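Colleague: Residue numbers (the working numbering): 1 to 260.
Quick reminder that beta carbons are idealized off the backbone N, C-alpha and C, glycines included.
Since the model is a prediction, treat every value here as computed from it, not as a measurement.
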Amino acid sequence: METLTIAVDARGVAHITMTRPEVFNAFNEVMISELTQAVGHCIADPGVRVIVLAGAGKAFSAGADIEWMRRAAASEQTNLADARRFAEMLRQLAECPKPTLARIQGLALGGGVGLACACDIAIATVDAKFAVSEARFGILPAVIGPYVLNAVGPRQARRLALTASRVGAAEALHMGLLHEVVEPGDLDAAMERWVSDLLASGPQAQAEIKALFAQMEVGPVTAEVRELTAQTIARVRTGDEAREGFSAFLAKRPAAWIGK
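(1) Count the other C-beta atoms from every protein chain shown that fall within 10 angstroms of the C-beta of residue 133, then say buried if there are 16 or more, exposed otherwise.
(2) Alpha carbons only, please: which of 13, 4, 64, 85 is nearest the one belonging to residue 258?
(3) On the DSSP letters alone, give me the boundaries of the beta strand (DSSP E) that residue 182 sits inside.
(4) For chain C, find out if any of its Cβ atoms is closer than 8 angstroms to the Cβ of residue 78; answer yes or no.
(5) Looking at the secondary structure, which residues open and close the beta strand (DSSP E) in which residue 103 lies?
(6) Would you call the CB atoms of residue 34 and residue 3 closer than 8 angstroms?
(7) I'd like to know whether the C-beta atoms of residue 177 and residue 117 end up nearer to each other than 8 angstroms.
(8) What does DSSP give as the partner residue(s) for residue 249 in the beta ladder?
(9) Residues in its own chain within less than 7 angstroms of residue 112 by CB, not counting five upstream and five downstream?
(10) Nearest by alpha-carbon distance to residue 27: which of 166, 67, 215 is it?
(11) Skipping 5 residues on each side, what residues in its chain have a beta carbon closer than 6 angstroms to that of residue 54?
(12) Would DSSP call residue 58 helix, strand or coil?
(13) For a test of the three-state rule: what should DSSP assign to residue 144, helix, strand or coil?
(14) Indicate the three-state DSSP secondary structure (helix, strand or coil) for residue 27 in the structure shown.
(15) For residue 229 and residue 147, what's the separation of their Cα atoms in angstroms?
(16) What does a CB cutoff of less than 7 angstroms around residue 168 pick up in its chain, not counting 5 residues either side in sequence?
(17) Put residue 232 into one of helix, strand or coil per three-state DSSP.
(18) Is residue 36 closer than 8 angstroms to residue 88 when the C-beta atoms are compared?
(19) Could you spell out the range, first to last residue, of the alpha helix (DSSP H) harbouring residue 175?
(20) From the DSSP output, read off the bridge partner residues of residue 187.
(21) Would you mind reading off the limits of the alpha helix (DSSP H) that contains residue 209?
(22) Write down the C-beta distance between residue 92 and residue 40 rounded to the nearest angstrom, noting that I regard them as a contact closer than 8 angstroms.
(23) Thinking just about the alpha-carbon of each residue, which of 192, 100, 85 is nearest to the one in residue 42?
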């Protein structure tokens with residue numbers, strides 16, 4: 001691929017790394033297409049357990065490439081087609097049945113924030129900076145908006161989008177955009193801790209968690225929600241992975257999915 005690399009280790013951890021460091025991993029139509037392909041490949045590969053999304057060089061991602069946006073501005077129809085492709089890429093990342101982690105250093109701007117918010121877990125260095133910067137260009141964070149909203153809530157999302165100002169990692173952690181902040185030299189060790197925790201859980205259970213939680217919203221626990229949760233646990237509890245999990249616990253041995 002032109003704009004990224006994929007490497008899968010023996011444990012089934014897929015590392016997707018954006019490789020346009022000369023433009024701080026800003027994405028264009030090629031990277032959007034290749035990210036869509038890469039995540040799709042990882043979803044289809046039964047050997048992949050966890051996906052780590054990273055950026056090469058000094059930055060995670062500076063968001064949309066200005067030259068790409070300028071090309072897309074040729075017509076509203078061209079813009080619409082590009083926006084739909086970007087929306088599909090974020091949807092695929094967000095709805096991936098396997099756990100996804102964002103490994104963030106340097107900058108995450110605009111669509112880079114969208115990528116972080118579309119992942120299940122986001123870890124950043126203490127010196128990282130974040131901005132939903134689209135309004136500074138006279139546009140708005142439309143496609144990434146739902147993911148930012150889900151990550152930080154409506155008031156913080158509005159604040160980020162309206163001001164387009166940069167926030168530090170500590171503030172991003174406080175508002176829920178991040179899950180952990182570490183020193184730059186500790187980033188890889190932190191990622192390994194999170195990956196190890198994820199690999200200890202059943203892969204089918206994780207897929208069921210993501211599918212179920214995607215169907216629920218914060219609010220009243222209605223009769224429909226109660227029935228959905230009851231039916232889901234009844235179905236999953238009788239499956240092979242659940243039987244293996246209970247057997248491993250009672251036998252005081254690692255479950256089969258943990259490996260050696």
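Modeller: Taking the structure as given:
(1) Counting Cβ neighbours within 10 Å, residue 133 comes out buried, since at least 16 surround it.
(2) Comparing Cα positions, the closest option is 13.
(3) Here the beta strand (DSSP E) through residue 182 covers 180-182.
(4) Absent here is chain C; the protein component of the structure consists of one chain.
(5) In the DSSP assignment, residue 103 falls within the beta strand (DSSP E) that extends over 100-104.
(6) Residue 34 is a Cβ neighbour of residue 3, given a cutoff of 8 angstroms.
(7) Between residue 177 and residue 117, the CB-CB gap stays under 8 angstroms.
(8) Bridge partners of residue 249: none, in fact.
(9) Hits under 7 angstroms: 60, 61, 62, 63.
(10) If you compare the alpha carbons of 166, 67, 215 with that of residue 27, the shortest gap goes to 67.
(11) Scanning its chain for C-beta atoms nearer than 6 angstroms, with the 5 sequence neighbours on each side dropped, one finds around residue 54 the residues 17, 103, in chain order.
(12) In the three-state scheme derived from DSSP, where H, G and I count as helix and E and B as strand, residue 58 is classed as coil.
(13) Coil, per DSSP.
(14) Of the three classes helix, strand and coil, the one that applies to residue 27 here is strand, per DSSP.
(15) Each residue's Cα considered, the two are about 24 angstroms apart.
(16) Excluding residues within five positions, the ones whose Cβ falls inside 7 angstroms are 129.
(17) Residue 232 falls in the helix class under three-state DSSP.
(18) Contact flag set, yes.
(19) Per DSSP, residue 175 belongs to the alpha helix (DSSP H) from 169-175.
(20) DSSP output for residue 187 lists no bridge partner at all.
(21) Its alpha helix (DSSP H) spans residues 203-214.
(22) So it is a contact: roughly 6 angstroms between Cβ atoms.
(23) Looking only at 192, 100, 85, the smallest Cα-Cα distance to residue 42 is reached by 100.
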